[in-house]
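> Residue numbers (the UniProt record's numbering): 1 to 448. We put the beta carbon where it would ideally sit given N, CA and C, even for glycine. Bear in mind that the values here come from a model prediction, so they are computed numbers and not experimental data.
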């Protein structure tokens, strides 16, 4: 069942060409960070294009609980009157982060070096996810945490009264862990250093620079070394949030596998640490082009045009690309099922600790719809059946995971018979307009 209410079963039917313009919501990663850094700045930050999905709205509520003034002006326009670095107040109530691993981990980092205490919880899915990957490095600053067995929510964080700067090597590629440490480092004296062996999405570094933090990034033999000088006065910003490449993945991939389709997705962020899916699709033979390439707010942006691509081939996706497309592997596996030959995906163990075990969830659903899947701890492969070759007809579990639910809805558009999910409710956490947007393009997604 959905973590936010009664289950919403959905069915996606085979459909005709998908055509038109898909104006997907704002980038989720940038939306979270805009609210949090706006709350840590002094003065008013103005944000346009904010993603108004449940995950981001939960972060907005959390920033209010920590003392910032967060105002919704309508139409994706928001303002945040910040309290400054180290200025968070102690919340009166438990902080409920809903389904958002990004939200809870970044907020833990932001409050970890202030002398306050906060308790965090989430929905049934989030409360199963491991938090030790964040609380372990935060403990190095002097932070204390008490949670359920296995480092799981609900969890109470006691911020460090006298934080010390940290030098931390991130053990697994994780932008959430890196960002939590950097946010904690803002209120620690001296320099906090984060080293990541594999580069992950760099929205935090870009945005910290924009807010006036002293931060340097250097590629070395040891990896990417990020050095942050603590206790700056962050300056409020005017932020235009680009559209989310992870949300764009769904109309793009649907167009590629649905005969006759031609879909334009405007204003998509193409940060190189996020664009791995689009590179991979092109390597498979997808008719996917970038139009009107430009830069907005320090982020590369373009309009994407995706056309029906009947001759895609399976490939081996480089393991080092995983960090730049980790959220897109579920829908990539749907495209792989419609390609010719085998698609191999390695270096993806992080998928097993997302909102669900995404390898297991997609493997189960693909098999239920006639697709052959093989898997290991850190890899999986999909045997392609070619365009029009996926039988469909199965009902898949979404496991409270928005990306699993949307991926199977995409699969139904190109299958020979409808594909269903037991609960599409979690889609609202990241893509609240998914159903009307896809319907406007010509898809048939129904609540059943």
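1. Buried or exposed: which applies to residue 3, given that a residue is buried once 16 or more other Cβ atoms fall within 10 Å of its Cβ?
2. Which of helix, strand or coil does DSSP assign to residue 33?
3. My understanding is that residue 177 touches residue 133, with C-beta atoms under 8 Å, so please give their C-beta distance in whole angstroms.
4. Answer with buried or exposed for residue 292, where buried requires no fewer than 16 other C-beta atoms within 10 angstroms of its C-beta.
5. Counting only the same chain and skipping the five closest in sequence on each side, list residues whose C-beta sits under 6 Å from that of residue 94.
6. Bridge partners for residue 291 per DSSP, in chain order?
7. What are the residues that DSSP puts in a beta bridge with residue 316?
8. Would you call the CB atoms of residue 421 and residue 409 closer than 8 Å?
9. My output table needs one value for residue 330: the three-state DSSP class, helix, strand or coil.
10. Would you mind sorting residue 28 into buried or exposed? The rule is 16 or more other CB atoms within 10 Å of its CB.
11. Based on Cα-Cα distance, which residue from 325, 281, 274 and 286 lies nearest to residue 301?
12. Closest to residue 231 by CA distance: which of 199, 248 and 187 is it?
13. Considering only residues of the same chain and omitting the five flanking positions on each side of residue 383, which have a CB-CB separation below 6 Å?
14. Once DSSP output is grouped into helix, strand and coil, what is the label at residue 360?
15. Could you name the residues that DSSP lists as bridge partners for residue 195?
16. At which residues does the alpha helix (DSSP H) containing residue 518 begin and terminate?
17. Between which two residues does the beta strand (DSSP E) carrying residue 72 extend?
18. Quick one: using the 10 Å Cβ neighbour count with 16 as the cut-off for buried, is residue 197 buried or exposed?
19. Could you tell me which uninterrupted beta strand (DSSP E) segments, each at least 3 residues in length, are contained entirely in the segment 105–176, listed from first to last along the chain?
20. Check whether the segment 329–336 touches the segment 350–369, taking contact to mean three or more Cβ pairs, one atom from each stretch, closer than 8 Å.
21. Do the CB positions of residue 336 and residue 386 come within less than 8 Å of each other?
22. DSSP three-state call for residue 400: helix, strand or coil?
23. Pick out whichever of 189, 444, 226 and 191 has its Cα sitting closest to the Cα of residue 204.
In short, the structure shows the following:
1. Against the chain shown, residue 3 aligns to sequence position 3. Residue confidence for residue 3 is low, a pLDDT of 47 falling below 50, so the modelled location carries little weight; the figure read from the coordinates is stated next. That one is buried.
2. In the chain shown, the residue the question calls residue 33 occupies position 33. It is helical.
3. The residue given as residue 177 occupies position 177 in the chain shown. The residue given as residue 133 occupies position 133 in the chain shown. So it is a contact: roughly 5 Å between Cβ atoms.
4. For the purposes of this step, residue 292 is taken as residue 292 along the chain shown, with counting starting at 1. Counting Cβ neighbours within 10 Å, residue 292 comes out exposed, since fewer than 16 surround it.
5. Here the question's residue 94 lines up with position 94 in the chain shown. Shown here for residue 94: same chain residues with a beta carbon closer than 6 Å to its own, the five before and five after excluded, namely 119 and 121 in chain order.
6. Against the chain shown, residue 291 aligns to sequence position 291. Answer by DSSP bridge pairing, in chain order: 303.
7. Residue numbering aside, residue 316 sits at position 316 when the chain shown is read from its first letter. According to DSSP, residue 316 bridges with 344.
8. Working through the chain shown from its first residue, we reach residue 421 at position 421. Working through the chain shown from its first residue, we reach residue 409 at position 409. In contact: residue 421 and residue 409 (Cβ atoms closer than 8 Å).
9. As a position in the chain shown, residue 330 is number 330, starting the count at 1. Of the three classes helix, strand and coil, the one that applies to residue 330 here is helix, per DSSP.
10. In the chain shown, counting from the first residue as 1, residue 28 sits at position 28. Buried, since its Cβ has 16 or more Cβ neighbours within 10 Å.
11. Residue numbering aside, residue 301 sits at position 301 when the chain shown is read from its first letter. Nearest option by C-alpha distance: 274.
12. For the purposes of this step, residue 231 is identified with residue 231 of the chain shown, where counting begins at 1. Of the listed residues, the one whose Cα sits closest to residue 231 is 187.
13. In the chain shown, counting from the first residue as 1, residue 383 sits at position 383. These residues qualify, in order along the chain: 342 and 372.
14. Counted from its first residue, the chain shown places residue 360 at position 360. Residue 360: helix per DSSP, three-state reduction.
15. The residue labelled residue 195 in the question sits at position 195 within the chain shown. Partner(s): 169 and 225.
16. Beyond the ends of the chain as shown, which are 1 and 448, falls residue 518; an answer cannot be given.
17. Translated into the one-based positions of the chain shown, residue 72 becomes position 72. 69–74 is the extent of the beta strand (DSSP E) around residue 72.
18. Looking up residue 197 in the chain shown gives position 197. Exposed, because fewer than 16 other Cβ atoms sit within 10 Å of the Cβ of residue 197.
19. Whole beta strand (DSSP E) segments, 3+ residues: 117–121, 144–148, 152–158 and 167–170.
20. These segments touch.
21. The sequence position of residue 336 within the chain shown is 336, counting from 1. The sequence position of residue 386 within the chain shown is 386, counting from 1. No, they are not a contact pair.
22. In the chain shown, residue 400 corresponds to position 400, counting from 1. Residue state, collapsed to three classes: coil.
23. Here residue 204 refers to the residue found at position 204 of the chain shown. For the residues 189, 444, 226 and 191, the minimum Cα distance to residue 204 belongs to 226.
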